[in-house]
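Asks:
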Amino acid sequence: MNDLDTVFNDDVPEHHRSGVVAVVGRPNVGKSTLINAILGQKVAIVSPKPQTTRKQQLGIYTQPDAQLLFMDTPGIHKPQHKLGEYMVEVARQALRDADVVLWVLDVSAPPNAADRAIAEQLQITRSPVILALNKIDAAPEGDRSEHLALVNHTAAFEVSALKGLGVREILEDLIARMPEGPRYYPIDQVSEANMRFIAAEMIREKIMLHTDQEVPHAVAVEVQEYKERAEGAHYINAVIYVERDSQKGIIIGKSGAMIKQIGSEARQDLQKLVEAPVYIDLHVKVLKNWRSDEALMQRLGYRVPKDSDDR
Ligand SMILES: Nc1nc2c(ncn2[C@@H]2O[C@H](COP(=O)(O)OP(=O)(O)OP(=O)(O)O)[C@@H](O)[C@H]2O)c(=O)[nH]1
Ligand SMILES: [Mg+2]
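Numbering (our numbering), first residue to last: 9 to 319.
(1) Quick one: is Ser272 buried, meaning 16 or more other Cβ sit within 10 Å of its Cβ, or exposed?
(2) I need the boundaries of the beta strand (DSSP E) containing Asn245, first residue and last residue.
(3) Is any heavy atom in ligand 2 found nearer than 7 Å to the beta carbon of Ala52?
(4) Should Lys39 go down as buried or exposed, given a rule of 16 or more other Cβ atoms within 10 Å for buried?
(5) Out of Glu166, Lys262 and Asp114, which has the shortest C-alpha to C-alpha gap to Val32?
(6) DSSP three-state label for Glu166, please.
(7) Identify every residue that forms a DSSP beta bridge with Trp111.
(8) DSSP on Met186, reduced to helix/strand/coil?
(9) Run the proximity test for Asp123: is its beta-carbon closer than 7 Å to any non-hydrogen atom belonging to ligand 1?
(10) Using the three-state DSSP reduction, which class does Tyr94 fall into: helix, strand or coil?
(11) Report the three-state DSSP secondary structure of Gly264 (helix, strand or coil).
(12) From the DSSP output, in three-state form, read off Asp145 for me.
(13) Tell me the residue span of the beta strand (DSSP E) that contains Lys235.
Here it is, written out as structure tokens:
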């Protein structure tokens with residue numbers, strides 16, 4: 009046992025359970041919303057547009073006798089560019105590392121080709137597959153048989169991540185399936201992300217919410233400076249990268265109205281999180297075709313981990 013183990017595991021009961029839950033599904037089915045609902049806190053950004061989540065993100069759930077590590081993954085989809093390939097690869101690697109796979113499905117629509125492609129991939133995982141039949145609030149009386157028939161599964165739950173329905177039940181089931189193991193993180197830690205990443209994601213979420221078509225997907229946000237001032241205020245200086253001049257104009261908006269709104273909404277969210285005044289300085293720059301350029305992607309933090317990195 010190393011020092012960290014001793015610190016986190018001081019009061020851990022015998023038969024403590026822990027493990028990794030990979031949360032997978034096609035874009036926009038509600039994976040990030042479900043994780044936020046389980047944790048009772050916003051750790052992952054959410055938007056009505058597909059391909060919101062880009063990187064693997066950990067959500068940490070802790071109770072006295074169990075700790076679950078939820079891996080929020082980008083939606084598995086047919087990639088159109090290098091960034092897309094990266095996102096799908098991230099989701100695949102999460103599958104490989106999981107104790108349980110939680111497949112989120114949207115029951116407000118019939119299964120489609122993207123769902124069937126995921127079913128095919130899940131056939132090769134050795135971990136139990138649990139189905140979260142999500143968005144039941146939007147289809148209360150629907151027939152779930154088509155969704156249930158997609159893949160061999162160990163259990164299935166009807167949930168509404170948005171309304172918090174069925175969330176407790178699914179959590180209890182997942183806990184019961186975890187192997188015995190240590191507490192990996194301190195009890196009050198809900199995420200592995202640092203404030204720089206969270207700030208960048210909050211800004212990106214507002215862009216996803218307020219822009220359309222290609223623009224939200226062509227955006228990357230880089231926090232260049234994050235300072236906690238002596239008086240307690242947080243100061244953030246961030247650059248919004250887009251792929252073309254026309255997109256830059258859209259992000260700035262008429263007389264700067266759009267960028268002002270993005271900054272103001274991100275600031276409000278961050279203030280809630282850090283419970284202190286937040287100041288955000290935003291700039292927009294064009295980085296031509298960054299989504300097709302591996303070197304630029306790496307610079308922006310989208311780097312495919314090599315197998316040898318974590319094994
Ligand atoms: N009606 C309804 N909408 C939901 C529910 N859960 C999520 N949503 C909505 O579905 C949209 C997508 O939610 P996300 O959590 O971003 O979906 P995701 O699967 O993480 O998407 P990607 O990150 O793009 O793969 C958002 O507009 C959510 O508010 C639900 O239970 N009911
Ligand atoms: Mg997501």
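Every residue, glycine too, gets a C-beta built ideally from N, C-alpha and C.
Bear in mind that the values here come from a model prediction, so they are computed numbers and not experimental data.
Replies: Looking at the coordinates:
(1) What you label residue 272 is simply residue 264 of the sequence shown in a count that begins at 1. Label assigned to Ser272: exposed.
(2) Residue numbering aside, residue 245 sits at position 237 when the sequence shown is read from its first letter. Residues His242 to Val250.
(3) In the sequence shown, residue 52 corresponds to position 44, counting from 1. Within 7 Å of the C-beta of Ala52 there is at least one heavy atom belonging to ligand 2.
(4) Taking the first residue of the sequence shown as 1, we reach residue 39 at position 31. That one is buried.
(5) Within the sequence shown, residue 32 is the residue found at index 24, counting from 1. When each option's Cα is compared against that of Val32, the closest is Asp114.
(6) As a working mapping, residue 166 is identified with position 158 in the sequence shown. Three-state result, Glu166: strand.
(7) Taking the sequence shown and counting its residues from 1, one reaches residue 111 at position 103. Bridge partners of Trp111: Val32 and Leu139.
(8) Here residue 186 corresponds to residue number 178 of the sequence shown, with the count starting at 1. Met186: coil per DSSP, three-state reduction.
(9) The sequence position of residue 123 within the sequence shown is 115, counting from 1. Outside the cutoff, so no.
(10) The residue labelled residue 94 in the question sits at position 86 within the sequence shown. Correct three-state label for Tyr94: helix.
(11) Taking the first residue of the sequence shown as 1, we reach residue 264 at position 256. In the structure shown, Gly264 adopts helical secondary structure according to DSSP, grouped into three states.
(12) Here the question's residue 145 lines up with position 137 in the sequence shown. In this structure, Asp145 counts as helix in the three-state DSSP scheme.
(13) Here the question's residue 235 lines up with position 227 in the sequence shown. Looking at the DSSP string, the run of the beta strand (DSSP E) that includes Lys235 is Ala228 to Glu236.
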